[in-house]
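Novice: Residue numbers (my numbering): 13 to 455. I have a structure I would like to understand better, so I am pasting it below and will then ask my questions one at a time.
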């Protein structure tokens, strides 16, 4: 096989968000080129945020993604609160954690059932599975509907939430509403989770190993989606405010999204990075799910990102159940009178001088960073957003460079499928990864 030639060009990978191409060139058995081309137009969200007063900026930032709106809203709010020195109440942070869990449930269900699963059955989309696996598709819809119901109750809607604002919520949920949500969550744990685990435990994932670096939030208290320090396999544990010392972004010619390094080597963010780093923090039912699926920490198989997402679905349901029970045991209070949320143009700016803040959360696809500089009038002077998919792009290419030589003896169609499955495993949100590129005009 040493003299094999292979030329692969996958135009617009299917079942991913946005437009990306796979390019592979092998000449006489030697790998000459491997690229994941990101061809989306840049989206200038950082520039859109400049000049906006901070309450408005939160609602602009959440438009970066229609799948991860809660995550972007949370990261944006946390950046503002960090800049202004605001510490939210326990109730506010608990409700935010429930919303983060709900978004994990929603996004992961979309990926594992609708985008990843068809690869294992040789079908181009989830549509044929509606007749061959109706119970599984029903399970997927049930889980997604549950996630949307939770967000609808707490913040009005999942996509571009309404009442999730700086230092609180403009809407007050009732204990009756939370009790109803709790009952739905427990029903999903009883009925939908067993079907999901049985389905994914029977799938055969490609056998490929590549140890890499992993970046994610860490916490002694929990499996963190909402808050924590950042842990990097390469750079160690550090504070969110120090991220620029540990993460280096570079422009590459074949992508409108920058590549990230941590600070020297490519790294992975997302469900498998979290699973490998924080396995011991998973709640009991999620650890049982991992055992049932045969997923052990650490796993160096990037195709197992999908399995890690299944485990996180189980964790998110258990976490929401626990958090809602805590809320109900303490009683839900209307905190808006004594502590009005900073929600509109009339929001009174705390007495601070020019300041800056960093907000970091775990979006479904991985570490999400927002940084804002806020002036004395409450307007944003500068913004920086680092998106999970942009952080994964260099690592995906590193995976492909190692995978291709291992599978060169296989038919071209099989090689193409394995490469597409690899990219899909990362659950890329390509449009969100394309952000501001600085262009200097000379002459």
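Built from N, CA and C at the ideal position, the CB exists for glycine as well.
Between the region 167-175 and the region 127-144, are three or more C-beta pairs nearer than 8 angstroms?
Specialist: Too few Cβ pairs lie closer than 8 angstroms, so no.
Novice: Tell me which residue opens and which closes the beta strand (DSSP E) that residue 262 is part of.
Specialist: Note, residue 262: beta strand (DSSP E), 260-262.
Novice: Could you give the distance in angstroms between the alpha-carbon of residue 15 and the alpha-carbon of residue 265?
Specialist: Using only the alpha carbons, I get a separation of about 29 angstroms.
Novice: Restricting to Cα atoms, I'd like to know which of 212, 315 and 39 is closest to residue 223.
Specialist: Of the candidates 212, 315 and 39, the one whose C-alpha sits nearest the C-alpha of residue 223 is 315.
Novice: Under 8 angstroms between the Cβ atoms of residue 279 and residue 246?
Specialist: The answer is yes: Cβ separation under 8 angstroms.
Novice: Let's test the definition: count the other Cβ atoms within 10 Å of the Cβ of residue 453 and tell me whether it reaches 16, buried, or not, exposed.
Specialist: The predicted position of residue 453 is uncertain, since its pLDDT is 37 and thus under 50; a value taken from the coordinates is nonetheless stated next. Exposed is the call here.
Novice: Could you give the distance in angstroms between the alpha-carbon of residue 328 and the alpha-carbon of residue 33?
Specialist: Rounded to the nearest angstrom, the two C-alpha atoms are 33 angstroms apart.
Novice: Restricting to Cα atoms, I'd like to know which of 297, 413 and 319 is closest to residue 306.
Specialist: Nearest option by C-alpha distance: 319.
Novice: Check whether the region 60-77 touches the region 289-296, taking contact to mean three or more Cβ pairs, one atom from each stretch, closer than 8 angstroms.
Specialist: No, the region 60-77 is not in contact with the region 289-296.
Novice: Extract the residue ranges of the beta strand (DSSP E) inside the region 135-170, only unbroken runs of 3 or more that lie entirely within it.
Specialist: Fully enclosed beta strand (DSSP E) runs of 3 or longer: not present.
Novice: Measure the C-alpha to C-alpha separation of residue 301 and residue 411 and round it to an integer number of angstroms.
Specialist: When rounded, the distance between both Cα atoms is 27 angstroms.
Novice: Can the beta-carbon of residue 405 be found less than 8 angstroms from the beta-carbon of residue 415?
Specialist: In this structure, residue 415 does not lie closer than 8 angstroms to residue 405 by Cβ.
Novice: So the candidates are 166, 373, 99 and 392; which of them puts its Cα closest to the Cα of residue 68?
Specialist: The residue with the shortest Cα to Cα distance from residue 68 is 392.
Novice: So who's on the other strand from residue 441, going by DSSP bridges?
Specialist: In DSSP, residue 441 forms a bridge with 29.
Novice: Helix, strand or coil: which one does DSSP assign to residue 501?
Specialist: Here the chain comprises residues numbered 13 to 455, so residue 501 is not present and cannot be evaluated.
Novice: Please report the Cβ distance between residue 351 and residue 368, rounded to the nearest whole angstrom; I am assuming they are in contact, meaning their Cβ atoms lie under 8 angstroms.
Specialist: Residue 351 to residue 368, Cβ: 24 angstroms. No contact.
Novice: Per DSSP, what are the beta-bridge partners of residue 124 in this structure?
Specialist: Beta-bridge pairing links residue 124 to no other residue.
Novice: The beta strand (DSSP E) that contains residue 382, what's its start and end?
Specialist: Unbroken beta strand (DSSP E) run through residue 382: 378-386.
Novice: Per DSSP, residue 18 is paired with what?
Specialist: Answer by DSSP bridge pairing, in chain order: 38.
Novice: For my contact list, residue 378 and residue 400 are in at a C-beta cut-off of 8 angstroms; report their separation, rounded to the angstrom.
Specialist: Indeed they touch by this definition, with Cβ atoms about 3 angstroms apart.
Novice: I'd like the list of long-range same chain contacts for residue 424, defined as Cβ closer than 8 angstroms, with 5 residues on each side in sequence excluded.
Specialist: Only 18 and 20 meet the Cβ criterion.
Novice: At which residues does the alpha helix (DSSP H) containing residue 287 begin and terminate?
Specialist: Residues 283-290.
Novice: So, is residue 539 buried or exposed, given that buried needs 16 or more other C-beta atoms within 10 angstroms?
Specialist: Outside the displayed span of the chain (13 to 455) sits residue 539, for which this structure offers no information.
Novice: Checking the sheet assignment: what are the DSSP bridge partners for residue 225?
Specialist: Residue 225 pairs with 279.
Novice: What separation, rounded to the nearest whole angstrom, lies between the Cα atoms of residue 49 and residue 256?
Specialist: Roughly 25 angstroms separates the two Cα atoms.
Novice: Let me make sure I understand the geometry here. Which of 111, 114, 142 and 116 has the alpha-carbon closest to that of residue 126?
Specialist: Looking at the Cα atoms, 142 is the closest of the given residues.
Novice: Cα separation between residue 267 and residue 325?
Specialist: Between residue 267 and residue 325, the C-alpha separation is close to 32 angstroms.
Novice: State the CB to CB distance for the pair residue 57 and residue 397, rounded to an integer number of angstroms; the pair is presumed to be in contact (CB under 8 angstroms).
Specialist: Contact flag correct, Cβ pair sits at about 6 angstroms.
Novice: Start and end of the alpha helix (DSSP H) containing residue 271?
Specialist: First-last for residue 271: 271-273, but that is the beta strand (DSSP E), not the alpha helix (DSSP H).
Novice: Which residues bound the beta strand (DSSP E) around residue 397?
Specialist: Unbroken beta strand (DSSP E) run through residue 397: 392-398.
Novice: Under a three-way DSSP split, which group does residue 50 fall into?
Specialist: Residue state, collapsed to three classes: strand.
Novice: Which value, in whole angstroms, describes the spacing of the CA atoms of residue 277 and residue 261?
Specialist: Between residue 277 and residue 261, the C-alpha separation is close to 11 angstroms.
Novice: Determine the closest residue to residue 207 out of 317, 153 and 26, with distance taken between C-alpha atoms.
Specialist: Nearest C-alpha to residue 207: 153.
Novice: Where does residue 419 sit, in a helix, a strand or coil, going by DSSP?
Specialist: Looking at residue 419 - three-state DSSP - the assignment turns out to be coil, as it is neither helix nor strand.
Novice: Where does residue 151 land, buried or exposed, given buried means 16+ other C-beta within 10 angstroms?
Specialist: Burial call: buried.
Novice: Keeping to the same chain, check which residues put their C-beta closer than 7 angstroms to that of residue 198; ignore five residues upstream and five downstream.
Specialist: Contacts found: 333.
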